[in-house]
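Numbering (my numbering), first residue to last: 29 to 328.
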């Protein structure tokens, strides 16, 4: 197994909830990355033969053994995400748009499990536009709030965001986020917020417009004891079990959210991910909430 060190990411829209849940220091924490694998930013491995090295360094050494040879980076990103304020209204590209706009093979799918629901009871999801002409008119006139539709969510809900869907989590939300390891996010609207240097945050209207599919909207799902499978990854909610065994043929990502756990004689903290080799077993007797995520699609 590989136990990963958490990465704290402060944002202008983050808040105090992650600090309280996961016992990390800092204000305005927007993300606590339990798994992030990119050059320059990647989790440190805390145990075993690769202790002290980054996952990004080690992944090329192990990916052939677990059916991930085709991936340049570990193909999932996992995080606790808090929105003390509304996030920007945005869209991610699908695979075709990523190839056209970024010359990369893969776009970005993502899912949220709502640990805390938004204060308003709704998130931004989908468009109110009826056709392309109305979409372009609204964009030209900057009517982004009018353009954005909403979806009602409650604590414990699961929402999958298909690439091309207009979306944003809203103030009060605390979620466990599962997403493809892709960095492509195109902002339509950001409430005229300023960055730390006092400049308006960058928007990406041309790319966002090209990536948007006005017909896409998400639906609310529930785990109900079952694994939820999307096109490229699956997740399942874990609680009230004694042992967890990776019965798959690939690495599984066991992310602790609430409770306590030890792995390889190391205390695992909330917001941490342990990568399990096929056949490995974890003692999960004191885990009250965790998620297991894995890649399930092997074509590019």
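Every residue gets a Cβ at the ideal spot worked out from N, C-alpha and C, and that includes glycine.
Counting only the same chain and skipping the five closest in sequence on each side, list residues whose C-beta sits under 7 angstroms from that of residue 113.
If we look at residue 113 and ignore the five residues flanking it on each side, its Cβ neighbours are 41 and 199.
Could you compute how far the alpha carbon of residue 53 sits from the alpha carbon of residue 299?
Residue 53 and residue 299: Cα-Cα distance of roughly 13 angstroms.
If you count every other CB in all the chains shown that lies within 10 Å of the CB of residue 290, and 16 or more means buried, which is it?
Per the 10 Å Cβ criterion, exposed.
Any idea if residue 315 is buried or exposed, counting beta-carbon neighbours within 10 angstroms, 16 or more meaning buried?
Taking every protein chain shown into account, the CB of residue 315 has 16 or more other CB atoms within 10 angstroms, so this residue is buried.
Specify whether the segment 152 to 169 and the segment 233 to 242 touch according to this definition: at least 3 beta carbon pairs, one from each stretch, less than 8 angstroms apart.
In short, these stretches touch, since the Cβ pair count reaches three.
Which one of 262, 194, 74 and 209 has the shortest CA to CA distance from residue 30?
Considering only alpha carbons, the answer is 74.
Would you report the Cα separation of residue 60 and residue 302, rounded to the nearest angstrom?
In a straight line, the C-alpha of residue 60 is about 15 angstroms away from that of residue 302.
Please report the straight-line C-alpha distance between residue 254 and residue 72, rounded to a whole angstrom.
Answer to the nearest angstrom: the Cα atoms are 31 angstroms apart.
Name the two residues that bound the continuous alpha helix (DSSP H) containing residue 47.
Boundaries of the alpha helix (DSSP H) harbouring residue 47: 45 to 50, taken from the DSSP string.
Taking all protein chains shown into account, decide if residue 70 is buried (16 or more other Cβ within 10 angstroms of its Cβ) or exposed.
Taking all protein chains in view, the Cβ of residue 70 is crowded by 16 or more other Cβ atoms within 10 Å, so the residue is classified as buried.
Using the C-alpha atoms, what's the distance from residue 277 back to residue 92?
It is roughly 12 angstroms from the alpha-carbon of residue 92 to the alpha-carbon of residue 277.
From which residue to which residue does the alpha helix (DSSP H) around residue 223 run?
Annotation for residue 223: no alpha helix (DSSP H) segment contains it, and DSSP assigns it neither H nor E.
Touching by the beta-carbon criterion (3+ pairs, under 8 angstroms), the segment 100 to 112 and the segment 207 to 224:
Yes: the two stretches touch, three or more of their Cβ pairs being nearer than 8 angstroms.
Helix, strand or coil at residue 96 according to DSSP, with G and I counted as helix
The DSSP-derived three-state label of residue 96 is coil.
Please name the residue, chosen from 318, 292 and 135, that lies closest to residue 77 on a Cα-to-Cα basis.
Nearest Cα to residue 77 within the set 318, 292 and 135: 292.
Grab me the residues of residue 218's own chain with a C-beta within less than 7 angstroms of its C-beta, minus the 5 sequence neighbours each way, in chain order.
For residue 218, same chain residues with a beta-carbon under 7 angstroms away, outside a window of 5 residues either side, are 116, 229 and 231 in chain order.
Could you tell me which residues DSSP pairs with residue 104 in its beta bridges?
Answer is 208, bridged to residue 104.
Put residue 235 into one of helix, strand or coil per three-state DSSP.
Residue 235: helix per DSSP, three-state reduction.
Does the distance from the C-beta atom of residue 154 to that of residue 129 stay below 7 angstroms?
The beta carbons of residue 154 and residue 129 sit no closer together than 7 angstroms.
Count the other CB atoms, across all protein chains shown, that sit within 10 Å of the CB of residue 133; report buried if there are 16 or more and exposed otherwise.
Classification for residue 133: exposed.
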